[in-house]
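This report refers to the structure that appears directly beneath it.
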Amino acid sequence: MITLPPTEHDLHAYVDLRLSPADRQRLETWLASHPEEAAQVKGWQKDARLLRSVLAASPLPDNPALDPSAVRQRRRHRYQQYLGRAAALVLAVAVGAVGGWQARPGVAPMTDALQAYRLFAEKDVLPADFKVGAGDSVQPWLDRYFRDAARLPDLERAGFKAVGARLLSTDQGPAAMVLYQDDRGARVTFYIRPPGPGNKLLPRGSRREGELQADYWSGPGYNYAVVAPVEVAMKGLQIPL
Amino acid sequence: MNDFDDQLRTLLPRLRRFALSLTREPSSADDLVQGCLEKALSRRADKNAEGELRAWLFQILYRQFIDSHRRARRYARLLEFFTGRDDYPPSAERTVMAQSALQAFDRLNDEQRALLHAVAVEGLSYKEAAQVLQVPLGTVMSRLSRARQALRLLHEGEIQRPALRILK
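These protein sequences, in sequence, are chains A and B. Taking my numbering, I'd label the letters of the first sequence as residues 1 to 241. Taking my numbering, I'd label the letters of the second sequence as residues 242 to 409.
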């Protein structure tokens with residue numbers, strides 16, 4: 001039950017049809033003799049009607065994207081993408097852990113050079129950072145990253161030409177791999193990286209791992225390796241060292 | 242589950258209109274509705290009555306609007322700092338289809354538009370409106386009073402645009 005004169009709250013409740021029928025009746029009677037408040041209420045009613053007619057009746061263009069089933073589908077899709085990304089992250093961490101373990105002292109020398117060959121030369125997983133065009137040479141590119149390093153081996157006599165190069169990161173520091181190719185598509189890589197925090201230099205050596213042979217040595221400032229398929233290495237690359 | 246979808250479908254036009262009142266711009270209104278539906282579907286409502294569901298959805302939508310607005314305003318301030326621009330104009334589409342009533346309404350501030358839409362257009366109770374806007378009932382009443390007075394003045398053409406800034 002409202003009291004008269006009404007509060008402003010009561011007047012709004014009247015406009016919004018929130019009064020009981022009895023209160024409504026009493027207020028209307030009161031408004032009949034109070035023109036100022038009556039005019040105010042009338043104005044509010046008029047505004048509300050106008051808003052209703054304009055806002056509630058405005059035509060809405062169809063938007064199929066808003067259908068609940070479409071929204072559901074998008075959510076599912078995003079969730080799958082999220083799972084995919086999470087899986088990729090786990091995989092990357094696993095590879096990093098294995099790689100890190102491989103690079104520990106006691107592990108066969110220049111294992112990372114062989115891994116790089118498998119990943120980038122055999123499988124073409126990632127594009128090259130540097131592609132050798134006509135008249136280009138890899139040497140200046142390499143010199144930008146590795147100061148005073150040994151010159152790239154000239155494998156021309158064995159029929160191999162440098163075609164591209166890639167920068168890599170390893171536990172020992174930044175590395176680079178230069179890819180050589182001959183007319184038949186056989187591939188050889190030249191690998192260079194710092195000796196690492198332990199400054200571990202390698203005695204000159206060679207070893208085989210599966211189909212690949214790695215020849216490695218330490219030179220000015222860096223460790224080096226040339227990785228080639230065993231049959232290519234057997235014929236001799238005549239690496240001038 | 243499909244029952245819930247059907248309920249959402251029924252309320253969709255209302256949601257879109259509420260979003261339009263808030264954003265004043267059709268495409269961002271639908272973005273807002275989309276975000277609201279995603280939230281609603283992920284939260285799994287146990288609202289049975291349609292009125293209850295409507296207030297709940299309106300609340301989600303309003304919350305999202307406020308959050309995105311806060312971000313946008315922060316960005317706008319930054320932009321203003323660099324470009325010296327201060328107001329982003331209402332969309333052309335909306336202005337074209339707007340009648341004078343809508344123009345006055347569009348000039349109200351966000352809270353006033355939200356409240357008037359909920360109460361006057363949707364017919365939500367004051368209690369439901371308080372739930373949607375996440376404010377106490379008393380605040381709803383005082384805001385409603387101010388909103389109605391502001392709209393009245395705008396309709397009577399007593400307030401020019403610069404003064405409105407102060408109203409905010």
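Each residue gets a CB set at the ideal place from its N, CA and C atoms; glycine is no exception.
In terms of DSSP beta bridges, what is residue 164(A) paired with? The secondary-structure analysis by DSSP pairs residue 164(A) across a beta bridge with 131(A) and 179(A).
On the three-state DSSP scale, how would you describe residue 33(A)? Here residue 33(A) sits in coil by DSSP.
Is the beta carbon of residue 273(B) sitting closer than 8 Å to the one on residue 248(B)? Annotated as distal: residue 273(B) and residue 248(B), with beta-carbon spacing of 8 Å or more.
Rounded to whole angstroms, what's the CA-CA distance from residue 231(A) to residue 215(A)? Just pull it up for me. Inter-residue distance for residue 231(A) and residue 215(A) is about 14 Å (C-alpha atoms, whole angstroms).
When 376(B), 371(B), 349(B) and 277(B) are compared against residue 389(B), the one with the closest alpha-carbon: Of the candidates 376(B), 371(B), 349(B) and 277(B), 349(B) places its Cα closest to the Cα of residue 389(B).
Report the residue from 190(A), 11(A), 220(A) and 187(A) whose alpha carbon sits nearest the alpha carbon of residue 245(A). Only positions 1 to 241 of chain A appear in the structure, and residue 245(A) is not among them; the question remains open.
Looking at residue 344(B) and residue 65(A), is the spacing between their C-beta atoms short of 8 Å? At least 8 Å separates the beta-carbon of residue 65(A) from that of residue 344(B).
Compare the C-beta of residue 254(B) against all C-beta atoms of chain A and say whether one is closer than 8 Å. It does; some Cβ of chain A falls within 8 Å.
Can you tell me which of 226(A), 21(A), 158(A) and 174(A) puts its alpha carbon nearest to the alpha carbon of residue 189(A)? The candidate whose alpha carbon is nearest that of residue 189(A) is 226(A).
Taking C-beta pairs closer than 7 Å, name the residues in chain B that residue 8(A) reaches, listed in chain order. Per Cβ cutoff of 7 Å: 386.
Please report the residue range of the alpha helix (DSSP H) in which residue 386(B) lies. That run of the alpha helix (DSSP H) goes 378-396.
Which same chain residues end up closer than 7 Å to residue 299(B) when comparing Cβ atoms and leaving out the 5 residues on each side of it in sequence? Contacts found: 259, 359 and 373.
So, are the CB atoms of residue 257(B) and residue 270(B) less than 8 Å apart? Going by C-beta atoms, residue 257(B) is nearer than 8 Å to residue 270(B).
When you compare the CB positions of residue 278(A) and residue 139(A), do they come within less than 8 Å of one another, or not? Only positions 1 to 241 of chain A appear in this structure, which leaves residue 278(A) out of reach.
So, are the CB atoms of residue 362(B) and residue 371(B) less than 8 Å apart? Here residue 362(B) is not near residue 371(B), since their CB atoms are 8 Å or more apart.
With distances taken Cα to Cα, identify the nearest neighbour of residue 166(A) among 48(A), 223(A) and 191(A). Measuring from the Cα of residue 166(A), the nearest candidate turns out to be 191(A).
Separation of residue 384(B) from residue 328(B), as counted between CA atoms: Confidence at residue 328(B) is low in this model, with a pLDDT of 47, below 50, so the placement of that residue is unreliable and no value is reported for it.
Under the three-state DSSP convention, the category residue 146(A) falls into: Secondary structure at residue 146(A): coil, using DSSP grouped into helix, strand and coil.
Note down, in chain order, each residue of its chain lying with its Cβ closer than 6 Å to the Cβ of residue 160(A), except the 5 sequence neighbours on either side. Beyond the five residues adjoining it in sequence on each side, residue 160(A) comes within less than 6 Å, by CB distance, of 180, 182 and 188 in the same chain, given in chain order.
Would you say residue 257(B) faces chain A, with C-beta separation under 8 Å as the test? True, the Cβ-Cβ gap to chain A drops below 8 Å.
So is residue 279(B) in contact with chain A if we call contact Cβ pairs under 8 Å? Flagged as an interface residue toward chain A: residue 279(B), by a C-beta distance shorter than 8 Å.
Check the Cβ of residue 56(A) against every Cβ in chain B and list those closer than 7 Å, keeping chain order. Per Cβ cutoff of 7 Å: 258 and 362.
Report the neighbours of residue 12(A) on chain B: residues whose CB is nearer than 8 Å to its CB, in chain order. Result: 382, 385, 386 and 389.
Does residue 393(B) have its Cβ less than 8 Å from a Cβ in chain A? Closer than 8 Å: yes.
Enclosing beta strand (DSSP E) for residue 224(A) [first to last residue]: From DSSP, the beta strand (DSSP E) with residue 224(A) extends over 223-229.
If you draw a straight line from the C-alpha of residue 3(A) to the C-alpha of residue 387(B), how long is it? Straight-line Cα distance between these residues: approximately 22 Å.
Since residue 27(A) and residue 19(A) should fall inside the 8 Å C-beta cutoff, what is the C-beta to C-beta distance between them, to a whole number of angstroms? Confirmed, Cβ separation roughly 7 Å.
What does residue 275(B) touch in chain A if you count any residue whose Cβ is under 8 Å from its own? Those are 65, 66 and 71, listed as they occur along chain A.
State the CB to CB distance for the pair residue 223(A) and residue 237(A), rounded to an integer number of angstroms; the pair is presumed to be in contact (CB under 8 Å). Not really, about 18 Å apart at Cβ, beyond 8 Å.
Closer than 9 Å, Cβ to Cβ, to anything on chain B: give me those residues from the region 141-152 of chain A, in chain order. Answer set for the region 141-152 of chain A: empty.
Using beta-carbon positions only, say whether residue 212(A) and residue 229(A) come within less than 8 Å of one another. Yes, they are a contact pair.
Of all the options 13(A), 6(A), 30(A) and 81(A), which has the alpha carbon lying nearest to the alpha carbon of residue 378(B)? Nearest C-alpha to residue 378(B): 13(A).
Distance, Cα to Cα, residue 337(B) vs residue 131(A)? Confidence is the limiting factor: at residue 337(B) the pLDDT is only 44, short of 50, which leaves the residue's position unreliable, though a coordinate-based value still follows. Straight-line Cα distance between these residues: approximately 56 Å.
If I'm right that residue 59(A) touches residue 30(A) with Cβ under 8 Å, what's the distance once you round it to whole angstroms? Taking the Cβ atoms as the reference, residue 59(A) lies roughly 41 Å from residue 30(A), outside the contact range of under 8 Å.
Mapping the DSSP letters down to three states, classify residue 189(A) as helix, strand or coil. Taken through DSSP and simplified to helix, strand or coil, residue 189(A) comes out as strand.
For residue 212(A), the first and last residue of its enclosing beta strand (DSSP E): Residues 212-218.
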